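I have placed the structure first, in the form of structure tokens, so that the comments after it can refer back to it.
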Amino acid sequence: MASGNSFYITTPIFYVNDAPHIGHAYTEVAADVVARWHRQAGDDTWSLTGTDEHGEKILRTATANGTTPKKWADKLVTEAWKPLLETINIANDDFIRTTDERHESSVQLFLQRLYDDGYIYSGEYEALYCVGCEEFKPQSEIVNGTGPFEGQKVCAIHSKPLELLKEKNYFFRMSDFTERLLALYEERPDFVQPESARNEVIQFVRQGLSDLSISRSSFDWGVKVPWDDSHVVYVWFDALLNYITAVGYGQDESNFDRRWPATHIVGKDILRFHAVIWPAMLMAAGLEVPKQVFGHGWLLVGGEKMSKSKLTGIAPTEITDTFGSDAFRYYFLRAIAFGQDGSFSWEDLSARYQAELANGFGNLASRVIAMVTKYFDGVVPAPAEYTDVDLAIQAVVQKAAEDADRSINALAIHDALASIWTIVDELNGYITDSEPWALAKDPANAARLGTVLYTALDGLRALAVLLSPVLPQATDKLWEALGAAATLGALVDQPLREAGRFEQLPEGSTVSALQALFPRIEPAVA
RNA sequence: GGCAGGGUAGCUCAGUUGGUGAGAGCGCACGACUCAUAAUCGUGAGGUCGCGGGUUCGAAUCCCGCUCCUGCUACCA
Numbered sequence: 004m005a006s007g008n009s010f011y012i013t014t015p016i017f018y019v020n021d022a023p024h025i026g027h028a029y030t031e032v033a034a035d036v037v038a039r040w041h042r043q044a045g046d047d048t049w050s051l052t053g054t055d056e057h058g059e060k061i062l063r064t065a066t067a068n069g070t071t072p073k074k075w076a077d078k079l080v081t082e083a084w085k086p087l088l089e090t091i092n093i094a095n096d097d098f099i100r101t102t103d104e105r106h107e108s109s110v111q112l113f114l115q116r117l118y119d120d121g122y123i124y125s126g127e128y129e130a131l132y133c134v135g136c137e138e139f140k141p142q143s144e145i146v147n148g149t150g151p152f153e154g155q156k157v158c159a160i161h162s163k164p165l166e167l168l169k170e171k172n173y174f175f176r177m178s179d180f181t182e183r184l185l186a187l188y189e190e191r192p193d194f195v196q197p198e199s200a201r202n203e204v205i206q207f208v209r210q211g212l213s214d215l216s217i218s219r220s221s222f223d224w225g226v227k228v229p230w231d232d233s234h235v236v237y238v239w240f241d242a243l244l245n246y247i248t249a250v251g252y253g254q255d256e257s258n259f260d261r262r263w264p265a266t267h268i269v270g271k272d273i274l275r276f277h278a279v280i281w282p283a284m285l286m287a288a289g290l291e292v293p294k295q296v297f298g299h300g301w302l303l304v305g306g307e308k309m310s311k312s313k314l315t316g317i318a319p320t321e322i323t324d325t326f327g328s329d330a331f332r333y334y335f336l337r338a339i340a341f342g343q344d345g346s347f348s349w350e351d352l353s354a355r356y357q358a359e360l361a362n363g364f365g366n367l368a369s370r371v372i373a374m375v376t377k378y379f380d381g382v383v384p385a386p387a388e389y390t391d392v393d394l395a396i397q398a399v400v401q402k403a404a405e406d407a408d409r410s411i412n413a414l415a416i417h418d419a420l421a422s423i424w425t426i427v428d429e430l431n432g433y434i435t436d437s438e439p440w441a442l443a444k445d446p447a448n449a450a451r452l453g454t455v456l457y458t459a460l461d462g463l464r465a466l467a468v469l470l471s472p473v474l475p476q477a478t479d480k481l482w483e484a485l486g487a488a489a490t491l492g493a494l495v496d497q498p499l500r501e502a503g504r505f506e507q508l509p510e511g512s513t514v515s516a517l518q519a520l521f522p523r524i525e526p527a528v529a
């Protein structure tokens, strides 16, 4: 099946301590749709997701819960993160955990290589430390003191003075890569996208990079530094490496060569790690940099960035329990321009579900299949002479399929959906204008009636194929109802880039009853 | 503070290099139709294009000032 080009796509790995919310799910769904699209188009596709399980925070919560960090992570992976993938119907090819042996050993290999090549040195990390937090504070949590602490730097959480402490750390010579990174952004404008994200990254790197502290010795929950086991690897350095350790770096070179480099889908909050630190790490190791790093936007709820602390965090199941996973997948990818921030509201979700999925696509399938059943006993009629209006529909389908593929390649997922939806809209208009119910009243119009319904049916066939990456459940039902599974084979085996070609649904196939693809949802429930 | 992006119909957003009366979807009103999930199709109402100046024959689109919002300004995943 995999004939074409290698396509490797990743999501960020989830920090297991978080609670899954629709922001995580959004990233997953976007990557999944793109992966499914490429897979069904015949590309040699691999999609990866997973969990990030090291670091001091996890050690602490595990201890607080009276267990070990590994057991704590196991529990969260099993009870929270893998279920999330089920909830939104993700078809990932692999799931890596940073506690996997394959990951840890390859991280050490990578680190040793950088050390041997002189990219890592021992230094002193000096920073402000909060006794209350028991940790070094990032700039964002350091504020100027007031009252008795006037003139001192204090912890934003405890409002108490910070101590300047030193700790022996290993440092990565990231500063060596400033120029090479800038050259990369310049030579490959697509490396960081969208444009706004690219600009921010460039602006940041132009200020100059300093070396990165990549080890910690104050706790031990992490990958051991191979030449000094009193240190563990800084979580980000560890986590980023999942993208190569999962596909065989250092262990299965042929697979690694087959998959790497990857397209990384990330939230814009972690863009810098992926667009600056990560390529610098790869350069140091003599490996190819990623194919692309795409930073998508925030989900805004009530005009604000969604967050747990503001109680705007929404669990994916809150949506899927009512609307289903297909609607979840469709809504976020259709309503939000991928790459920009987008507003979420229950009203908008509900309205789009009703207008686009139920009344638009679902009802279209319903009315066409009902008419074929009523007027042709469910047997797919043969088309006769095509008129201009029929040919116009064929052209719409062809164009939509081509446009959608182009958009997916550019990660403009919302544009792809808009293109595909022109088929839904045009088909609904075509049916109303052609009035098959009127044609059916006179046997003399049988040929014309057959042509109209065949055109509508083959349009549905194209829709099922084109929408299967986004709406896997609904399109499967439709595929069955069209009788296509029996004649054309499984939906996921239908070549996506051929979907726009007309007359694929064999005449003589038998359609069967179709339950509502997207049943109306009573407002009282929602 | 610096840098970047943005403020366009009730809502969410498009608006190429300035030029036919400013657009889409949803919502709303009216009409048509009845195959369909009380669905569909058509028509229409509705906008000081953040504010104030300026350039121009002509600006939402260029320039200046102001105002409001958002992001970035490194080691939090």
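First residue of the first sequence? That's 4 in the working numbering, and the numbers climb one at a time after it.
For glycine and all other residues, C-beta sits at the position ideal for the given N, C-alpha and C.
The structure displayed is predicted, hence computed values, not measured ones.
What's the call for residue i, buried or exposed, on a 16-neighbour Cβ count within 10 Å?
i: Gly503; result: buried
i: Thr81; result: exposed
i: Tyr252; result: buried
i: Glu31; result: buried
i: Gly26; result: buried
i: Thr266; result: buried
i: Pro498; result: exposed
i: Pro23; result: buried
i: Arg209; result: exposed
i: Asn598; result: Beyond the ends of the chain as shown, which are 4 and 529, falls residue 598; an answer cannot be given.
i: Gly58; result: buried
i: Gln518; result: exposed
i: Asp193; result: exposed
i: Asn8; result: exposed
i: Tyr188; result: buried
How many Å lie between residue i and residue j at the Cα?
i: Val528; j: Glu307; result: Reliability of the predicted coordinates at Val528 is poor, the pLDDT of 40 falling under 50, and no value is obtained from them.
i: Val36; j: Val473; result: 6 Å
i: Asp418; j: Ser410; result: 6 Å
i: Ala465; j: Val400; result: 7 Å
i: Pro293; j: Ala354; result: 39 Å
i: Ala516; j: Tyr378; result: 14 Å
i: Ile12; j: Thr425; result: 28 Å
i: Asp222; j: Ile524; result: One detail in the question is off: residue 222 reads as Phe in this sequence, not Asp. Their backbone Cα atoms lie some 51 Å apart in a straight line.
i: Leu485; j: Ile372; result: 8 Å
i: Leu520; j: Gly53; result: 31 Å
i: Ala28; j: Asn448; result: 50 Å
i: Gly51; j: Arg262; result: According to the sequence provided, residue 51 is Leu. The question's Gly does not apply to it. Looking at the two C-alpha atoms, the distance is approximately 11 Å.
i: Glu107; j: His41; result: 30 Å
i: Ser422; j: Ser109; result: 43 Å
i: Ala83; j: Thr320; result: 11 Å
i: Gly365; j: Phe331; result: 15 Å
i: Pro439; j: Ala415; result: 36 Å
i: Ala403; j: Glu501; result: 12 Å
i: Glu510; j: Ala489; result: 12 Å
i: Tyr173; j: Pro86; result: 37 Å
i: Glu190; j: Ala385; result: 54 Å
Looking only at its chain, what residues have a beta carbon closer than 6 Å to the beta carbon of residue i, apart from the 5 residues adjacent to it on each side?
i: Ala5; result: Its pLDDT being 45, under 50, Ala5 is placed unreliably in this model, and the value from its coordinates should be taken loosely. The residues are Asp47.
i: Glu170; result: Tyr128
i: Pro164; result: Phe152, Gln155, Val157
i: Ser298; result: Residue 298 is actually Gly in this sequence, not Ser. Counting only Cβ-Cβ distances below 6 Å, and skipping sequence neighbours, we find Ala200, Val269, Lys271, Leu274.
i: Pro282; result: Val292
Report all residues from its chain with a CB closer than 7 Å to the CB of residue i; omit the five preceding and five following residues, and keep chain order.
i: Ala288; result: Phe113, Arg116, Leu117
i: Thr64; result: Asn20, Trp75
i: Gly462; result: Ile396, Val400, Ile426, Leu430
I'd like to confirm the pairing. Which residues does DSSP put opposite residue i in its beta bridges?
i: Lys171; result: Glu127
i: Thr48; result: Phe10
i: Tyr18; result: Asp55
i: Lys163; result: DSSP, once it has assigned bridges, lists no residue as partnering Lys163.
i: Phe139; result: Tyr132
i: Phe98; result: Thr52
i: Lys308; result: Leu303
i: Thr513; result: Val382
Counting only the same chain and skipping the five closest in sequence on each side, list residues whose C-beta sits under 8 Å from that of residue i.
i: Leu167; result: Glu129, Ala130, Leu131, Tyr132
i: Thr71; result: Ala65
i: Ser178; result: Gly211, Leu212, Ser213, Asp214
Q) Counting only runs that start and end within the stretch 242 to 304, where is the alpha helix (DSSP H) found for 4 or more residues in a row? A) 245 to 248, 256 to 262, 281 to 287
Q) Which full runs of the beta strand (DSSP E) of 3+ residues lie inside the stretch 324 to 400, going along the chain? A) 345 to 347
Q | Unbroken stretches of the beta strand (DSSP E), 3 residues or longer, contained in the stretch 174 to 237 | A | 231 to 236
Q: Please specify which runs of the alpha helix (DSSP H), each continuous and at least 4 residues long, are wholly inside the stretch 412 to 449, giving them in chain order.
A: 416 to 437, 439 to 442
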